[in-house]
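The sequence shown lines up with residues 3 to 271 when you count with the numbering used here.
C-beta: ideal position from N, C-alpha, C; glycine also.
Nothing here was measured: the structure is a model prediction, and the numbers come from that model.
Encoded as structure tokens, the structure appears first; notes follow it.
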Amino acid sequence: MNRSPNCAEPIERTAERVLRQQRQFAADASHELRTPIAAVRVELEAALLHPGDAREALDGALGALGRLEAIAADLLLLADIGSVPRAAEDEVDLGRLVADELRCRSGRRRILIHQDEDVTVEGSRPLLSRLVTSLLDNAERHAATTVDVEVRRDGERALLSVGNDGEPVPAEDRERIFDLFSRRDAARSRCDGGPGLGLAIVRQVVEAHGGDIHVRDGDPGVRFVVRLPLVSSIPTTLVGAGAVRPLAGRPEPLTGPVRGSSCSVRCGV
Numbered sequence: 003m004n005r006s007p008n009c010a011e012p013i014e015r016t017a018e019r020v021l022r023q024q025r026q027f028a029a030d031a032s033h034e035l036r037t038p039i040a041a042v043r044v045e046l047e048a049a050l051l052h053p054g055d056a057r058e059a060l061d062g063a064l065g066a067l068g069r070l071e072a073i074a075a076d077l078l079l080l081a082d083i084g085s086v087p088r089a090a091e092d093e094v095d096l097g098r099l100v101a102d103e104l105r106c107r108s109g110r111r112r113i114l115i116h117q118d119e120d121v122t123v124e125g126s127r128p129l130l131s132r133l134v135t136s137l138l139d140n141a142e143r144h145a146a147t148t149v150d151v152e153v154r155r156d157g158e159r160a161l162l163s164v165g166n167d168g169e170p171v172p173a174e175d176r177e178r179i180f181d182l183f184s185r186r187d188a189a190r191s192r193c194d195g196g197p198g199l200g201l202a203i204v205r206q207v208v209e210a211h212g213g214d215i216h217v218r219d220g221d222p223g224v225r226f227v228v229r230l231p232l233v234s235s236i237p238t239t240l241v242g243a244g245a246v247r248p249l250a251g252r253p254e255p256l257t258g259p260v261r262g263s264s265c266s267v268r269c270g271v
């Protein structure tokens, strides 16, 4: 059967677009992987040339291998997002998930937190945990002094908001920063060992759970706002973004035990 030109053209354009995306991904991934691989080679060659300094060279090689492992793990995670069967989903208390993550942090930045009780969503606990971790990592990396976190109900949605008082994200970059291997500050992120996959993972996790994410101006700085269906209102289709109501009152510094946790979270430097 012959295809009509009108049907074939959109298919061909789609195939070309997919092929361009695959080539771009291969180029970006190769570039990111090549840097730690080259670092391992340099360190091992230095150990061969100067056996007396081998310990220092091996430490450097192990650090580069750690970065390589992190990139590989993130790429595998991106490939797996969305493949979790419904039977494996959990009811996750979003506030408790945030509290657990904060308890593991070293307190590099002052943290303000405001949260409601029983803000429960349904989904993969490991993926939702990674969502929280990546948002907090990004906020701490870019904050000048303070990170603030909000967990509350917003109608039939759970709202997770993570802001920092660093540089704002220009409007024209607010979609690009969610692309694979995208960096707001390439030099600093490379020093930190970040391959630019964190926010790409965040968006894919949010979308896999039927939610949405938006970048908004902070006061000062920038704020990432995630909305997910509450456990009692899981939608069959994605719900569009709506207005986010401002927080009533000012959040308080987190200095005591977190609700739902038996440990205290240390905040500040």
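Requested in this report: Indicate the three-state DSSP secondary structure (helix, strand or coil) for V241 in the structure shown.
Outcome: Reliability of the predicted coordinates at V241 is poor, the pLDDT of 36 falling under 50, and no value is obtained from them.
Query raised in the report: At what residues does the beta strand (DSSP E) containing D82 begin and finish?
Result: D82 -> not in any beta strand (DSSP E); alpha helix (DSSP H) instead, spanning 56 to 82.
Query - Beta-ladder partner(s) of V217, from DSSP - result: DSSP, once it has assigned bridges, lists F226 as partnering V217.
Requested in this report: Tell me where the alpha helix (DSSP H) around I115 begins and ends.
Outcome: Where I115 is concerned, there is no enclosing alpha helix (DSSP H), although the beta strand (DSSP E) it sits in stretches over 112 to 117.
Requested in this report: Kindly indicate which residue of G65, R15, P172, F226 has the alpha-carbon position closest to the one of L44.
Outcome: Position check: residue 44 holds Val in this sequence, whereas Leu was assumed. Selected option, being the one with the closest Cα: G65.
Report task. Please look up how many angstroms separate the CB atoms of G223 and V153, rounded, as I've assumed it's under 8 Å. Result -> With 8 Å as the limit, G223 and V153 do not qualify as a contact, their Cβ atoms being about 19 Å apart.
Query raised in the report: Does DSSP put L249 in a helix, in a strand, or in coil?
Result: Low confidence applies to L249: its pLDDT is 35, below 50, so where it sits in the model is not reliable, and the reading given next is rough at best. Coil.
Query - CB contact flag (V100, V151, <8 Å) - result: yes
**Report entry** Alpha-carbon to alpha-carbon, S136 and E142
**Finding:** 10 Å
Query raised in the report: Does DSSP classify T16 as helix, strand or coil?
Result: helix
Requested in this report: May I have the straight-line CA-CA distance separating D82 from A145, to the nearest angstrom?
Outcome: 30 Å
Query raised in the report: My guess is that E103 and S131 are in contact by the Cβ rule of under 8 Å, so how many angstroms apart are they, rounded?
Result: 7 Å
Requested in this report: Could you give the DSSP three-state label for V121: helix, strand or coil?
Outcome: coil
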